Structures are given as C-alpha cells and as structure tokens.
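Here my numbering = 1-based position in the sequence shown + 54.
Report on one structure; see the data block that follows.
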Amino acid sequence: MPNDEAERTRLNIVHQIYLILLNGHLTAAPIVTNAPRILDIGTGPGDWAIEMSHAYPHGTIIASDIGVFDNALGHVDLPNLSFYLDDARDEWAYNIPFDLIHLRGLSGAFPDWSFIYQQAFEHLAPGGYLEVADTDFAAETMTTIPQNSYLRLFASALRSADYSAGYLRDLSHLQPALFRAQGFIDIDVREYTFPIGLWPESPHDRTVGKMGLIALLEGLESYSLRALTTTYGWLAEEVRELCDQVRAEILEGVYRISARVKIVTGRKPLT
Numbered sequence: 055m056p057n058d059e060a061e062r063t064r065l066n067i068v069h070q071i072y073l074i075l076l077n078g079h080l081t082a083a084p085i086v087t088n089a090p091r092i093l094d095i096g097t098g099p100g101d102w103a104i105e106m107s108h109a110y111p112h113g114t115i116i117a118s119d120i121g122v123f124d125n126a127l128g129h130v131d132l133p134n135l136s137f138y139l140d141d142a143r144d145e146w147a148y149n150i151p152f153d154l155i156h157l158r159g160l161s162g163a164f165p166d167w168s169f170i171y172q173q174a175f176e177h178l179a180p181g182g183y184l185e186v187a188d189t190d191f192a193a194e195t196m197t198t199i200p201q202n203s204y205l206r207l208f209a210s211a212l213r214s215a216d217y218s219a220g221y222l223r224d225l226s227h228l229q230p231a232l233f234r235a236q237g238f239i240d241i242d243v244r245e246y247t248f249p250i251g252l253w254p255e256s257p258h259d260r261t262v263g264k265m266g267l268i269a270l271l272e273g274l275e276s277y278s279l280r281a282l283t284t285t286y287g288w289l290a291e292e293v294r295e296l297c298d299q300v301r302a303e304i305l306e307g308v309y310r311i312s313a314r315v316k317i318v319t320g321r322k323p324l325t
C-alpha cells in the first residue's frame, strides 16, 4: 500500500468508522492499568497510537510500521509515544512485555498469521491482550453483486491475485481457533456490517455510509495496482481503467453495498 497523503486520508476515515462502531472507544480489549505498555503493529499514519497516547498519558505506546508516512508520526512530539521502523514478519525484538498488542487493517500483509500470533503471545505480559481488527470491503460484494458487473469482476480478480500470492486479504486470519492454537484464552469476537454509499435512510447509517464510500473509492487503485500487475501481468493503465469503471458503477448507486468488520481479542493466561 502507498504511504502518501491520499492513503493517509483514507486510513483516517477508516479510523473514524472504527470509533463509531466501537461507540467512541479506541479498543475492544480491557485495559486495567492507567500506565499500560501498548504496541501498535502496522500503525500507518499513527492516528490510533496518537489517540491512545492521549488517553493513557502515563502509559508507554510503541508504534511500528514497515514504512513512514509523510507528515505523520515523525512530526508528533509526545513523550509517551515512540515510532519504530520494523517488519513484523521478522522475529520481534522487544525486551519488555506489553499489556496490549494491537493490529488493524493488516489483512493481506502477512503470509503466516500464526507466526504473528505466536510472536504477540511471547511479547505479552501475563494477562495482556492481543487485538486484531480488519475490514473486508469485498465480503458482501462477492455475494450480492451481479456476475457481469465491473465491481464483481474487480473483487474476484483481486481475491484471486491475493490467493495466488499467498497474502489473503479477507477475514480468514481472524478465526478464533488460530488464537487458541497459540495459547490465547477468553477470546472475544465482535462483528459489524456497515453500509457503503448514500442509500441508508437513517442519518447515522447515512453518515457511516458516506465515510465508507470515500474510503472504498480512495482505496480502489491502492489495493489493486500492485496485486494485478505483478500477479497477472496487467498493465497499470488496464488496472486504472477497471478502477474507473468500478468507481463509476459505485457512484451510480445501483447496488446496496456493505462492508464487514471483525474484531478479535484474546488474553494471555496469567500462568
């Protein structure tokens, strides 16, 4: 994914959607101390980490990512927040355990989620929580949209490319069994569906739908360009043309599209 201003805006919108779904809370995991140690993997522009640093001024928040966003964390001066360049696919090298490890929006980032969960378990303090959250914009699209639509073609091609590359961009990594296999207990699963578009009647759903629409439209090219050019050899112009067709189809408002969100938390046993 790119790390430009457009992607930062998209991620900020997605962050606001999560806040709405969680009724203003930053996390679904309980935090029982006012000075927690928190690790945010794949922090992106750092919206979540920055807000957690404000919510827990006596805590220690470490935000890591494989790249740096322009005008993001490097320009923020918060005494309890540190940013590190790090690739979570490698062995984690943190020396002090955490009370909460948070991952959001990293579907498609890792070929082996069991390794990520194993590393998280090792780096949690006893009683600490792992929280993993993701949104699947294609979950409802694949089952409700006509076969001959550009939107269905786009979703199918992207799913196939991700599968071929071994980086699945769905919610399959959020199966509770994967958490239990690494030793996590008290696993909690929360699932939400939010609209995409201006079709909802209630003001609340219409607001979320507008935010979801912007996030989806802004992410079309970001999600598909590398996947379709490297896996299937599409030309960049072909991918952009398909994105334009999908964008026009969505803006026609013919389809009532929704996205699926899943948030899973698990606790490391005290002993």
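We treat Cβ as the ideally placed atom computed from N, Cα and C, and that holds for glycine.
Quantities reported herein were computed from a predicted structural model and do not represent experimental measurements.
Inset, instruction - In angstroms with no decimal places, state the Cα-to-Cα distance between R294 and D153. - result: 43 Å
Inset, instruction - Determine the direct distance from the alpha carbon of V262 to that of Y110, and round the result to whole angstroms. - result: 27 Å
Legend entry - V122 versus L139: straight-line alpha-carbon distance, rounded: 8 Å
Legend entry - Cβ contact check for the segment 227 to 235 and the segment 154 to 173: 3 or more pairs under 8 Å: yes
Inset, instruction - Tell whether a beta-carbon distance below 8 Å holds between I67 and I155. - result: no
Inset, instruction - Given a cut-off of 8 Å, decide if L80 and E105 are closer than it, judged by their beta-carbon atoms. - result: yes
Legend entry - Whole-number beta carbon distance between P151 and L324, since they are thought to touch under 8 Å: About 13 Å separates the two Cβ atoms, so there is no contact after all.
Inset, instruction - Select from R143, I116, A211, G220 the residue whose C-alpha is nearest the C-alpha of D101. - result: I116
Legend entry - Strand pairing of D119, partner residues [DSSP]: L139
Inset, instruction - Report yes or no: do the segment 265 to 277 and the segment 228 to 245 share at least 3 C-beta pairs separated by less than 8 Å? - result: no
Inset, instruction - For E306, name the three-state secondary structure that DSSP assigns. - result: coil
Legend entry - CB-CB length for I199 against Y309, believed under 8 Å: 6 Å
Legend entry - Distance between E185 and V318 (C-alpha atoms, nearest Å): 6 Å
Legend entry - Residue of D166, A142, L135, Q70 minimising C-alpha distance to R223: D166
Legend entry - Identity of the residue in R91, I241, F164, I311 nearest A82 by Cα: I241
Inset, instruction - On a CA-only basis, which of A163, L305, A313, R91 is nearest H177? Give me that one, please. - result: R91
Legend entry - Cβ-based burial, T284 [other Cβ within 10 Å; buried from 16]: exposed
Inset, instruction - Given a cut-off of 8 Å, decide if Y72 and D187 are closer than it, judged by their beta-carbon atoms. - result: The question names Asp, but residue 187 is Ala in the sequence shown. The answer is yes: Cβ separation under 8 Å.
Inset, instruction - Assign V312 to one of three DSSP states: helix, strand, or coil. - result: Per the sequence shown, residue 312 should be read as Ser rather than Val. In the structure shown, S312 sits in a strand (DSSP, three-state: E or B).
Inset, instruction - Starting from F169, trace the beta strand (DSSP E) both ways and give me its first and last residue. - result: Run containing F169: none in the beta strand (DSSP E); it sits in the alpha helix (DSSP H), 167 to 176.
Legend entry - Cβ shell of D190 (< 6 Å), same chain only, five flanking positions each side left out: D224, L225, R314
Legend entry - DSSP-derived helix/strand/coil call for G128: Confidence is the limiting factor: at G128 the pLDDT is only 49, short of 50, which leaves the residue's position unreliable and the question unanswerable from this model.
Inset, instruction - Assign R206 to buried or exposed, taking buried as 16 or more other Cβ atoms, counted over all protein chains shown, within 10 Å of its Cβ. - result: buried
Legend entry - Cβ separation of G98 and L65, assumed to be a contact under 8 Å, to the nearest whole Å: 5 Å
Legend entry - Classification of G182 by the beta-carbon crowding that lies within 10 angstroms, buried from 16 upward: buried
Legend entry - C-beta atoms of R260 and L270 nearer than 8 Å: no
Inset, instruction - May I ask which residues mark the beginning and end of the beta strand (DSSP E) holding P249? - result: 239 to 250
Inset, instruction - Could you spell out the range, first to last residue, of the beta strand (DSSP E) harbouring H156? - result: 152 to 158
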